[in-house]
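Visitor:
Number of protein chains: 4
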Amino acid sequence: MPKVKDQNKVNAIYKATIELVTKTGFSGLKMAEVAKKSGVATGTLYVYYISKEQLINDVFVVTKKEVAGAIINSKYVKGSFNKTFKAMWYGYFKYCLLNPEKMLFVEQFIYSGYITEANIIKTNTYFEPLNQFLIEGQKNDYVKKMDVALIKAHLQGAIHEIVKMVVREGLKLKKKDMNTCFTMAWDSITE
Amino acid sequence: MPKVKDQNKVNAIYKATIELVTKTGFSGLKMAEVAKKSGVATGTLYVYYISKEQLINDVFVVTKKEVAGAIINSKYVKGSFNKTFKAMWYGYFKYCLLNPEKMLFVEQFIYSGYITEANIIKTNTYFEPLNQFLIEGQKNDYVKKMDVALIKAHLQGAIHEIVKMVVREGLKLKKKDMNTCFTMAWDSITE
Amino acid sequence: MPKVKDQNKVNAIYKATIELVTKTGFSGLKMAEVAKKSGVATGTLYVYYISKEQLINDVFVVTKKEVAGAIINSKYVKGSFNKTFKAMWYGYFKYCLLNPEKMLFVEQFIYSGYITEANIIKTNTYFEPLNQFLIEGQKNDYVKKMDVALIKAHLQGAIHEIVKMVVREGLKLKKKDMNTCFTMAWDSITE
Amino acid sequence: MPKVKDQNKVNAIYKATIELVTKTGFSGLKMAEVAKKSGVATGTLYVYYISKEQLINDVFVVTKKEVAGAIINSKYVKGSFNKTFKAMWYGYFKYCLLNPEKMLFVEQFIYSGYITEANIIKTNTYFEPLNQFLIEGQKNDYVKKMDVALIKAHLQGAIHEIVKMVVREGLKLKKKDMNTCFTMAWDSITE
DNA sequence: AATGAATGAGATTTCATTCAT
DNA sequence: CATGAATGAAATCTCATTCAT
Chain V
1 MPKVKDQNKV NAIYKATIEL VTKTGFSGLK MAEVAKKSGV ATGTLYVYYI
51 SKEQLINDVF VVTKKEVAGA IINSKYVKGS FNKTFKAMWY GYFKYCLLNP
101 EKMLFVEQFI YSGYITEANI IKTNTYFEPL NQFLIEGQKN DYVKKMDVAL
151 IKAHLQGAIH EIVKMVVREG LKLKKKDMNT CFTMAWDSIT E
Chain E
1 MPKVKDQNKV NAIYKATIEL VTKTGFSGLK MAEVAKKSGV ATGTLYVYYI
51 SKEQLINDVF VVTKKEVAGA IINSKYVKGS FNKTFKAMWY GYFKYCLLNP
101 EKMLFVEQFI YSGYITEANI IKTNTYFEPL NQFLIEGQKN DYVKKMDVAL
151 IKAHLQGAIH EIVKMVVREG LKLKKKDMNT CFTMAWDSIT E
Chain C
1 MPKVKDQNKV NAIYKATIEL VTKTGFSGLK MAEVAKKSGV ATGTLYVYYI
51 SKEQLINDVF VVTKKEVAGA IINSKYVKGS FNKTFKAMWY GYFKYCLLNP
101 EKMLFVEQFI YSGYITEANI IKTNTYFEPL NQFLIEGQKN DYVKKMDVAL
151 IKAHLQGAIH EIVKMVVREG LKLKKKDMNT CFTMAWDSIT E
Chain R
1 MPKVKDQNKV NAIYKATIEL VTKTGFSGLK MAEVAKKSGV ATGTLYVYYI
51 SKEQLINDVF VVTKKEVAGA IINSKYVKGS FNKTFKAMWY GYFKYCLLNP
101 EKMLFVEQFI YSGYITEANI IKTNTYFEPL NQFLIEGQKN DYVKKMDVAL
151 IKAHLQGAIH EIVKMVVREG LKLKKKDMNT CFTMAWDSIT E
């Protein structure tokens, strides 16, 4: 949580943190390197964040919010279930393909021991509209009857793993493959 | 006749490492704690593993092998596609539910910066039989036509995420839910 | 404006290193003790030198340069061969008597396994002018005809051994003895 | 000081110790390596020597005795001063050329902090006959009048330094050069 | 506020020595 | 006596954090 304002610095630190974690793995994330990469002094880092834990938590929350925004986009919520689901699924899938480092960041750190329980709970609320949307889908017999948390987990897990694989192997997904991926998702959740 | 190298110690170290990572997150994995928990002196750790990195890589490879063994089980390979797939899926799903710490361990460390590229490649080969099984399924028009790596990713990602959620929230999956989870998996990959 | 790197610290570290090696023998040189004696934190040592090896190499090179400076002193190079030689010999002899710890340091560490080959070569060049002076002396038939490296070795070895003995036994060299020592040196190299 | 008898082991340990110090410098001398190189277990080392310090001191004393033997050889003591001196000088010079690792060992360790004062004093007595010989030479006006310790230091220092140089540079001393070296030694000490 | 040198607690690793076999 | 696995005190080095400028 920044104490002061230079938004350029905040952005630079945020960017550097995400990039370093993606590059060196998060066990190698050093404050000195974050400082260097973001072009500020180590001391300055502590003007903006009181500790490494704070920095990581902050980056985590900000990123998680952005991730949620990629799925939950008000302009879609008025369409049919299928159309809306498709929009959400593609929204998230493409976001992950474009920002794998952010996707990885939140995935990695959630079990790292760095993120506070409070922040995990807090960021989960960002996905509440998605829950509502799926519950609505169940009421209308579109969606398999089961705890929506499990359904979300199924969808998210599948997307993440596919994207990680694509990124790791340096693949280029064709439109056809992406459509098949979507069909897998759709088939899995619908009755 | 000197003391002889002790497999019990290796096992104790392995167990301690997995448990500590699961408990404290692996940014908090300390050699001193591994030593303490496994009941050996710190120096002894270095009799068996030349460095922390080596220890983690070793635990990673051993665990990944065990994980692969949970899926690929020769007694199933003679059944129908559906039966075999079901056996594999349940085999893996239940393994993950019973050993979430091992599942987490391999998932976490793969992006930690600790695991060498060579070990990542090596452990991937353990899953080759699964690839073959899915390719066979595609030939017989059971399975959607797409790079099997993507299909595997979809299946694995979904399972992992569900299990992580179940563990995190302390849920107890009912038989019915587990069946629904399986149906999701089956529906997603079949044509 | 941040704190600025402090030459006083470098000097203090240098001094502490030499003194500790002289006092405890260098098998007992510990970074913690160097830090303590030079009045800095252990971490600070690593701000200035990336490792113990680096520290020792640095102290070695600096000292060797100073040692060379004790012999090769431009104000003498214009005199007769005898006068110049005498000036150099006394210059070095007295330097060693006054700074036996520095003489010992370079002598000890050269075979310690700590000094890199590059630094050994580098520091040898500091003595080039002495080579030239002796070669000149040979051309004018003052000096015995032989590889000047051997002549230098003879002179230096004799001085070092004498000084070591003097220091070890706590002797006080009388003027007469010093003159005899010089005569030994002079007689040994002249035709 | 061996507790027991297997002389082969004692010899192997002695040889390994000297060789390792010559190769890796003595700051890198490790008991485990001595054990390995001499073909015994680490535990066995401690059957023969109660500590590393003991081992090194023992090797030191044994070697120093051998070194003294190379100089002081009863068959020469009856000749003229010149002949005897020449025999001694060549005896020592050639010994050093043939066994530089032993010469280095004693030279290195004397200031390492490992050798006890008692052993330094003890080994000095081995050279007593040389002292007597030089004193006799002074009485007969062959040798410059000065503390014989200084004369010995001068001679020994010169020899050591020359040999070190020869070994370091991989030179091959010609007979003529060796004679010049002797002449330097002779000229330096005679009146 | 910004800097980066300085700090020192704490981590990893080493290695002389011990001890069970 | 011989072995080498086991030990743990102590060494080196790291790095999040502080602080003088």
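Protein chains in written order, with UniProt numbering: chain V, 1 to 191; chain E, 1 to 191; chain C, 1 to 191; chain R, 1 to 191. All C-beta atoms in this analysis are idealised placements derived from N, C-alpha and C, irrespective of residue type, glycine included.
Looking only at its chain, what residues have a beta carbon closer than 8 Å to the beta carbon of residue 40/R, apart from the 5 residues adjacent to it on each side?
Guide: On the fourth sequence, residue 40/R is found 40 positions in, with the first residue counted as 1. If we look at residue 40/R and ignore the five residues flanking it on each side, its Cβ neighbours are 9, 12 and 13.
Visitor: Straight-line CA distance for residue 95/E to residue 38/C?
Guide: Translated into the one-based positions of the second sequence, residue 95/E becomes position 95. Translated into the one-based positions of the third sequence, residue 38/C becomes position 38. Those two C-alpha atoms are separated by around 58 Å.
Visitor: I'd like the list of long-range same chain contacts for residue 21/C, defined as Cβ closer than 6 Å, with 5 residues on each side in sequence excluded.
Guide: Translated into positions along the third sequence, residue 21/C becomes position 21. So the qualifying residues of the chain are 29 and 105.
Visitor: Let me make sure I understand the geometry here. Which of 31/C, 71/C, 123/C and 158/C has the alpha-carbon closest to that of residue 47/C?
Guide: Numbered from 1 along the third sequence, position 47 holds the residue referred to as residue 47/C. If we check each option's Cα against that of residue 47/C, 31/C comes out closest.
Visitor: Measure the C-alpha to C-alpha separation of residue 27/R and residue 128/E and round it to an integer number of angstroms.
Guide: Taking the fourth sequence and counting its residues from 1, one reaches residue 27/R at position 27. Taking the second sequence and counting its residues from 1, one reaches residue 128/E at position 128. Using only the alpha carbons, I get a separation of about 51 Å.
Visitor: Expressed to the nearest angstrom, what Euclidean distance is found between the alpha-carbon atoms of residue 161/R and residue 97/R?
Guide: Position 161 of the fourth sequence, counting from 1, holds the residue named residue 161/R. Position 97 of the fourth sequence, counting from 1, holds the residue named residue 97/R. So the two alpha carbons sit approximately 11 Å from each other.
Visitor: What residue ranges within the stretch 71 to 129 of chain C form continuous alpha helix (DSSP H) runs of no fewer than 4 residues, ordered along the chain?
Guide: 81 to 98, 100 to 109 and 117 to 124, all fully within the stretch 71 to 129 of chain C.
Visitor: I'd like the list of long-range same chain contacts for residue 107/E, defined as Cβ closer than 8 Å, with 5 residues on each side in sequence excluded.
Guide: Position 107 of the second sequence, counted from the start, is the residue given in the question as residue 107/E. The answer, listed in chain order, is 160.
Visitor: So, is the C-beta of residue 108/V closer than 7 Å to a C-beta in chain E?
Guide: Here residue 108/V corresponds to residue number 108 of the first sequence, with the count starting at 1. Yes, contact with chain E.
Visitor: Listing by chain order, which chain R residues have their CB less than 8 Å from the CB of residue 114/C?
Guide: Position 114 of the third sequence, counting from 1, holds the residue named residue 114/C. What residue 114/C touches in chain R: 25 and 27.
Visitor: Considering Cα atoms alone, identify which of 51/V, 93/V and 56/V is closest to residue 68/V.
Guide: Locating residue 68/V in the first sequence gives position 68, counting from the first residue. The shortest Cα separation from residue 68/V among 51/V, 93/V and 56/V belongs to 93/V.
Visitor: Would residue 2/V be called buried (16 or more neighbouring beta carbons within 10 Å of its own) or exposed?
Guide: Taking the first residue of the first sequence as position 1, residue 2/V is located at position 2. Since pLDDT at residue 2/V reaches only 45, below the 50 mark, its modelled position is unreliable, and the value read off the structure follows with that caveat. Answer is exposed; the Cβ neighbour count stays below 16.
Visitor: Of all Cβ atoms in chain V, is any one closer than 7 Å to the Cβ of residue 174/E?
Guide: Locating residue 174/E in the second sequence gives position 174, where the first residue counts as 1. Residue 174/E does not count as touching chain V.
Visitor: Along the stretch 117 to 135 of chain C, what residues have a CB closer than 9 Å to any CB found in chain R?
Guide: Against chain R - using a Cβ distance shorter than 9 Å - the residues of the stretch 117 to 135 of chain C are 120.
Visitor: So, with DSSP's three-state summary, where would you put residue 143/C?
Guide: By one-based count along the third sequence, residue 143/C stands at place 143. Strand, per DSSP.
Visitor: For residue 177/E, go through chain V and note every residue whose CB falls closer than 8 Å to its CB, in chain order.
Guide: As a position in the second sequence, residue 177/E is number 177, starting the count at 1. Going along chain V in sequence order, the residues near residue 177/E (Cβ under 8 Å) are 146, 147 and 150.
Visitor: So the candidates are 164/R, 185/R, 180/R and 150/R; which of them puts its Cα closest to the Cα of residue 176/C?
Guide: Working through the third sequence from its first residue, we reach residue 176/C at position 176. With distances taken between Cα atoms, residue 176/C lies closest to 150/R.
Visitor: Along the alpha helix (DSSP H) that carries residue 190/C, what are the first and last residues, could you check?
Guide: In the third sequence, residue 190/C corresponds to position 190, counting from 1. Element bounds for residue 190/C: n/a, residue is neither H nor E.
Visitor: Tell me which same chain residues have a C-beta within less than 6 Å of the C-beta of residue 183/R, skipping the five on either side of it?
Guide: Position 183 of the fourth sequence, counted from the start, is the residue given in the question as residue 183/R. Cβ within range, chain order: n/a, list empty.
Visitor: Does residue 213/V have its Cβ less than 7 Å from a Cβ in chain E?
Guide: Within the shown structure, residues of chain V are numbered from 1 to 191, placing residue 213/V beyond reach of any answer.
Visitor: Output yes or no for whether 7 Å exceeds the beta carbon distance between residue 119/V and residue 91/V.
Guide: Counting from one through the first sequence, the residue named residue 119/V turns up at place 119. Counting from one through the first sequence, the residue named residue 91/V turns up at place 91. No, Cβ-Cβ distance for residue 119/V and residue 91/V is not below 7 Å.
Visitor: With a CB to CB cut of under 8 Å and the five nearest residues on each side skipped, what residues in its chain are close to residue 18/V?
Guide: One-based indexing of the first sequence puts residue 18/V at position 18. Contacts found: 59, 63, 101, 102 and 105.
Visitor: If we count the other Cβ atoms within 10 Å of its Cβ and call it buried at 16 or more, is residue 4/E buried or exposed?
Guide: Position 4 of the second sequence, counted from the start, is the residue given in the question as residue 4/E. Classification for residue 4/E: exposed.
Visitor: Assuming residue 158/E contacts residue 70/V (C-beta within less than 8 Å), just tell me the rounded distance between them.
Guide: Counting from 1 along the second sequence, the entry for residue 158/E is found at position 158. Counting from 1 along the first sequence, the entry for residue 70/V is found at position 70. Actually they are not in contact, since the Cβ atoms of residue 158/E and residue 70/V sit about 19 Å apart, beyond 8 Å.
Visitor: Need the endpoints of the alpha helix (DSSP H) that residue 157/E sits in, please.
Guide: Start at 1 with the first residue of the second sequence, and residue 157/E comes out as number 157. 148 to 169 is the span of the alpha helix (DSSP H), which, as asked, contains residue 157/E.
Visitor: Between the Cα of residue 140/E and the Cα atoms of 122/E, 110/E and 191/E, which residue gives the shortest distance?
Guide: In the second sequence, residue 140/E corresponds to position 140, counting from 1. Measuring from the Cα of residue 140/E, the nearest candidate turns out to be 191/E.
Visitor: Exposed or buried, which one is residue 42/V when buried takes at least 16 other CB atoms within 10 Å?
Guide: Looking up residue 42/V in the first sequence gives position 42. Looking at its Cβ environment, which holds fewer than 16 other Cβ atoms inside 10 Å, residue 42/V is exposed.
Visitor: Check whether the Cβ atoms of residue 65/E and residue 126/E lie closer than 7 Å to each other.
Guide: The sequence position of residue 65/E within the second sequence is 65, counting from 1. The sequence position of residue 126/E within the second sequence is 126, counting from 1. Closer than 7 Å, so yes.
Visitor: Taking only three categories from DSSP, how would you classify residue 16/E?
Guide: Within the second sequence, residue 16/E is the residue found at index 16, counting from 1. Helix, per DSSP.
Visitor: Any beta carbon of chain C sitting closer than 7 Å to that of residue 3/R?
Guide: The sequence position of residue 3/R within the fourth sequence is 3, counting from 1. For residue 3/R, the predicted model reports a pLDDT of 46, less than 50, meaning its position is unreliable; a value from the coordinates is still stated below. No, no contact with chain C.
Visitor: Taking a contact to mean a Cβ-Cβ separation below 7 Å, would you say residue 145/E touches residue 138/E in this structure?
Guide: Translated into the one-based positions of the second sequence, residue 145/E becomes position 145. Translated into the one-based positions of the second sequence, residue 138/E becomes position 138. In this structure, residue 138/E lies closer than 7 Å to residue 145/E by Cβ.
Visitor: Give me the residue from 171/V, 167/V and 154/V with the minimum Cα distance to residue 180/E.
Guide: Residue mapping note: residue 180/E aligns to position 180 of the second sequence, counting from 1. Nearest of 171/V, 167/V and 154/V to residue 180/E, Cα basis: 154/V.
Visitor: If distances are taken between C-alpha atoms only, which option among 131/E, 109/E and 83/E comes closest to residue 54/E?
Guide: Along the second sequence, one-based indexing puts residue 54/E at 54. It is 109/E whose Cα lies nearest to the Cα of residue 54/E.
Visitor: For residue 47/C, which of helix, strand or coil comes out of DSSP?
Guide: Translated into the one-based positions of the third sequence, residue 47/C becomes position 47. Of the three classes helix, strand and coil, the one that applies to residue 47/C here is helix, per DSSP.
Visitor: Of the residues 89/E, 135/E and 112/E, which one's Cα is nearest the Cα of residue 187/E?
Guide: On the second sequence, residue 187/E is found 187 positions in, with the first residue counted as 1. That would be 89/E, whose Cα lies nearest to the Cα of residue 187/E.
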